[in-house]
Amino acid sequence: MPPEKDPPPSTEVLLRLYEEMRLIREFETRAGKHYRAGEMPGFIHLYVGEEAVAVGVCAHLRTDDWITSTHRGHGHALAKGVSPEAVMAELWGRATGVCGGRGGSMHLYAPANGLLGTNGFVGGGIPSAVGTALAAKVRKTDQVGVAFFGDGAVNHSAFHESMNLAAAFDLPVLFVCEHNRYATATPLDTVVKEPDISKRGPGYGIPTENVDGNDVLAVYAAAERAVRRARAGDGPTFLVCHTYRTVGHHEGDPLVGTYRSREELVEWLARCPLKLLREHLVQEDPGLAERLDAIDAALQARITAVIDYSKSSPWPDPATALDHVFAPIQETV
Amino acid sequence: MSVREMNTLEAMIDALRLEMRRDPNVIYLGEGTGERGGTYGHTLGLYQEFGKERMIDTPISELGFTGACIGAAVNGCRPIADLMFMDFAADAMSQIVNQAAKLRYMSNGQTGVPMVIWAGVGAVKSAGPHHSGCLYPWFMHVPGLKVVIPSNPADTKGLLASAIRDDDPVVFCAHKLLFPRRMPVPEGEYHVPLGRAALARQGGDVSIIATGMMVHLALEVAEKLSGEGIQCEVLDLRSLVPMDVDAIVATASRTGRVLVLDEAYSPCGVGAEVAALINEHAFHQLRAPVLRMHTASVAHPFSPVFDTAIFPQFDQVVEKVRHLLRGGASSAPRTFRPAEAPSASLTVTPTPTRATPEHPTPEHLNTPAPDPRIPVTIPNQGLTVESARIVRWLVEVGDTVREGQALYEIETDKIVMEVEAEVDGIVDEILHPADSTLPLNTCVAWLTALTPAGVR
């Protein structure tokens, strides 16, 4: 689709995007450190390197818009406004976590923030994002549903059925593929005949854009168009955001090795989304370097506090293990 | 409370209509459930009243639209996902089991999924291995799902209304053989609470705990045995999750002898669960081991002659009850057998199928009549239609008709249609006048065939 030109975002908006990306980067880097130290239960998948996608898209969303996310979902939760304390404490399995310790990293839910879950299933959240949009249409709200997923999900039936459903009914959905090239360790082009994912959108009648997923400005601009289309009732958009995780698949997984090379990693590290935005801002106004440094320092301190809070939070009461299987007994019948 | 005679389909539509009028957030997603009115005619008229925005005809995407219902439920709707046949739920299973069922728990009670997963269950008219499933024990196993299976029109209406208003996902098992059954159903708002069994018949000697269509088999058996002085109590479970443990324990304690009768498979099924509950809560009241009868653990074979071999039969149930009265242990064949020692060769020799030429043709199938004339019959319909009404005749005795010419009009639960002549001929005799309601395949008229020369 021919991209319309929106006025470029103001410096203040860009600084906010930077701050949110830095929050995610700091959160993830520090969470990884504590995970590797053996302090956290379970396993975690970090969003390091892909921050521009969640931040650039969620910048256009309201609290009552819904997103569904992936196993690599801390960044989406934070970008959608869930407090880092609530997310981090959940990673620690504590009562103060966003799900009281019942969910953990891959099952973060915060309906008050429009987060309909990170997900333990590849493609698992795509249908319900479409469903939130369906409800928005039925209820005549102008909410938008956003499904984040990776390139590993585009061969799953959930992707195909959802793309078709959203297109057929002109639902206000953004399908945001975070194309980081590997489904765990399987390069996309080894499991598809046509590695250009963006060709799949037109097949469903969905306007599609390839986006530099490491350039938050590009993501921001593409998402602005897509959200506008959705709210105007013009139906779904498919954004293929090309990006790269500069960490292993999950913490503890090798950074490079069988499926990707050190050289490739170094290339992508040079295109770090935070670095790109910082360079852009400082080039425009060298005086901003100081403000960016201040943001970095403040978030470093913030995450230190978040970690202290999480580590010192109480464990959930095991006596509540059977709560919330069903709704409380209702009086309707 | 005023009542009106309805069949199960009408009762279902009545519940849907009332709930959809009451709450604009109730939406219905299914394949052909919009303008067409559903495979079984179970949503007839709703599209016309509520429009395509709420009676949503989906693509064949069980996973996609069931998953979409989850998101819609969280965002304020009360969706019904119509899977048509419960067998098809397998395609949507991950969304049901891993997302819908777990969401309330995973989110620590922040949100739930108020949706209904509606599915036709049960074997009817040789629908075969992919359209006959009673797979509800799958769902009984999953924390966070409720499961109901009504046995009559009134409970269908009441349970469906309750399921729609429930704040959790409810799997609604609609037995296809129930659709044409009629009874007086309460008019207006009517609810049957989830989790309550119903005592369908009282009796002091033996308890038959049954589900769905098996409730009717149990009642027939109870009626017969009553003539012999054996009084059976029949408990209709209605709700499998939550299960009415109190009612189960009460009936088991009253009679001390329990037979579970259920159309699903036996392993890890309704019988196993009920027997275990009785063991835990009423063991000392038992006078015989709890017995169970289920469909044999095979993939519903197509040919109708297999039916008697795999479904609990009237005589078998009678015998089972007598067996219980004798205090006997189960004589049921074992479901699981240890694997036989592997053979030396991997070559598989097909087992010859035993032919049973003496086996009679099942009653409901037509056999050619020994009459030189051409019969005009009420054409066979879909799986769940049993009878049709002749609306009017379009020809009279003595008329010459052409192949393809409309002879008469019929009306079923689903449709009104014209029945055409299969050959050129003369109407020789009309056996049933307009307004007759007759079983499918009934011969309603005779034609005398004309040779092509005779017509032209």
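Taken in sequence, the protein lines are chains A and B. Using the working numbering, read the first sequence as starting at 118 and increasing by one per residue. Using the working numbering, read the second sequence as starting at 11 and increasing by one per residue. Think of the CB as a built atom: it goes at the ideal place given N, C-alpha and C, for glycine as much as any other residue.
W183 (chain A): first and last residue of the uninterrupted alpha helix (DSSP H) it sits in: Note, W183 (chain A): premise wrong, no alpha helix (DSSP H); beta strand (DSSP E) at 183-185.
On a Cα-Cα basis, can you pick out the residue from B:P372, B:E396, B:D317, B:R31 that is closest to G138 (chain B)? B:D317
Between which residues of its own chain and N297 (chain A) is the CB-CB distance below 7 Å, once the five residues before and five after are set aside? E167, G267, D268, T360, Y361, R362
9 Å Cβ cut-off: residues of chain B touching P312 (chain A): In chain order: nothing, as chain B lies at least about 24 Å away.
Nearest chain A C-beta to T121 (chain B) closer than 7 Å, yes or no? For T121 (chain B), the answer is yes, since a Cβ of chain A falls inside 7 Å of its Cβ.
On the DSSP bridge list, what partners appear for Y38 (chain B)? B:M65, B:I90
Taking the alpha-carbon positions, what's the E20 (chain B) to G192 (chain A) distance? Roughly 50 Å between the two C-alpha positions.
Residues of chain B with CB closer than 7 Å to the CB of E380 (chain A), please, in chain order. Per Cβ cutoff of 7 Å: no residues; E380 (chain A) is ~38 Å from chain B at best.
Integer-rounded CB distance, given that M205 (chain A) should sit under 8 Å from F144 (chain A): 7 Å
Given 8 Å as the limit, is there contact between the stretch 247-264 of chain B and the stretch 148-158 of chain B, that is, 3 or more CB pairs closer than that? yes
Is there a Cβ from chain A that is less than 7 Å from the Cβ of S71 (chain B)? It does; some Cβ of chain A falls within 7 Å.
Pick from B:E15, B:R302, B:E413: whose alpha carbon is nearest that of P196 (chain B)? Looking from the CA of P196 (chain B), the closest CA among B:E15, B:R302, B:E413 belongs to B:E15.
Residues that V308 (chain A) contacts on chain B, provided the C-beta gap is smaller than 8 Å: Neighbours of V308 (chain A) across chain B, judged by C-beta separation under 8 Å, do not exist; the nearest C-beta is about 20 Å away.
For M193 (chain B), list the residues DSSP reports as bridge partners. Answer is B:M16.
Buried or exposed: which applies to R32 (chain B), given that a residue is buried once 16 or more other Cβ atoms fall within 10 Å of its Cβ? exposed
Can you pull the DSSP bridge partners for Y418 (chain B)? Y418 (chain B) is bridged to B:W403, B:V429.
Bridge partners for C183 (chain B) per DSSP, in chain order? B:A129
Positions along the stretch 250-261 of chain A whose CB lies within less than 9 Å of some CB in chain B: A250, L251, A252, A253, K254, V255, R256, T258, Q260
Starting from the Cα of P190 (chain B), find the closest Cα among B:T371, B:T76, B:S397 and give me that residue. B:S397
In chain order, what residues of the same chain lie with their CB nearer than 6 Å to the CB of T43 (chain B), ignoring the 5 residues before and after it? Around T43 (chain B): T53, D92.
I want to check one thing, is the minimum distance from the CB of D434 (chain A) to the heavy atoms of the ligand FMN below 6 Å? Ligands in the displayed structure: none, and consequently the ligand FMN is not present.
Taking 6 Å as the limit between beta carbons, can you name the residues of its chain near D440 (chain A), skipping five residues before and five after? Within the same chain, no Cβ atom closer than 6 Å to the Cβ of D440 (chain A) is found once the five residues on either side in sequence are excluded.
May I ask you to report which of helix, strand or coil DSSP gives S236 (chain B)? S236 (chain B) falls in the helix class under three-state DSSP.
Closer than 7 Å, CB to CB, is G208 (chain A) near chain B or not? Sequence inspection shows Leu at residue 208 (chain A); the Gly mentioned does not correspond to that position. False, the Cβ-Cβ gap to chain B never drops below 7 Å.
Excluding the five sequence neighbours on either side, which residues of its own chain have a C-beta within less than 7 Å of the C-beta of S12 (chain B), listed in chain order? E197
Residues that C453 (chain B) bridges to, as DSSP identifies them: B:T387
Using 8 Å for Cβ pairs, my map puts G241 (chain A) next to S104 (chain B). What's the rounded Cβ distance? 7 Å
I think G81 (chain B) touches G231 (chain A), with their Cβ atoms under 8 Å apart; what is that distance to the nearest whole Å? That pair is no contact at about 11 Å.
Taking Cβ-Cβ distances below 8 Å as the criterion, which residues of the stretch 429-456 of chain B are in contact with chain A? Under the 8 Å Cβ criterion, the stretch 429-456 of chain B contributes no residue.
Which residue's Cα is closest to the Cα of R399 (chain B): B:I90, B:T387, B:L269? B:T387
Kindly indicate the opening and closing residues of the alpha helix (DSSP H) around E329 (chain B). E329 (chain B) -> alpha helix (DSSP H) spans 324-335.
Could you check where the beta strand (DSSP E) with I218 (chain B) kicks off and where it finishes? 216-220
Between the stretch 308-322 of chain B and the stretch 277-287 of chain B, do at least 3 Cβ pairs fall closer than 8 Å? no
Along chain A, in chain order, which residues have C-beta atoms closer than 9 Å to that of R64 (chain B)? Correct list: V255.
Taking Cβ-Cβ distances shorter than 7 Å, what residues in chain A pair up with V107 (chain B)? Here the premise fails: no neighbours, minimum Cβ distance about 10 Å.
Taking buried to mean at least 16 other C-beta atoms within 10 Å of its own C-beta, is N35 (chain B) buried or exposed? buried
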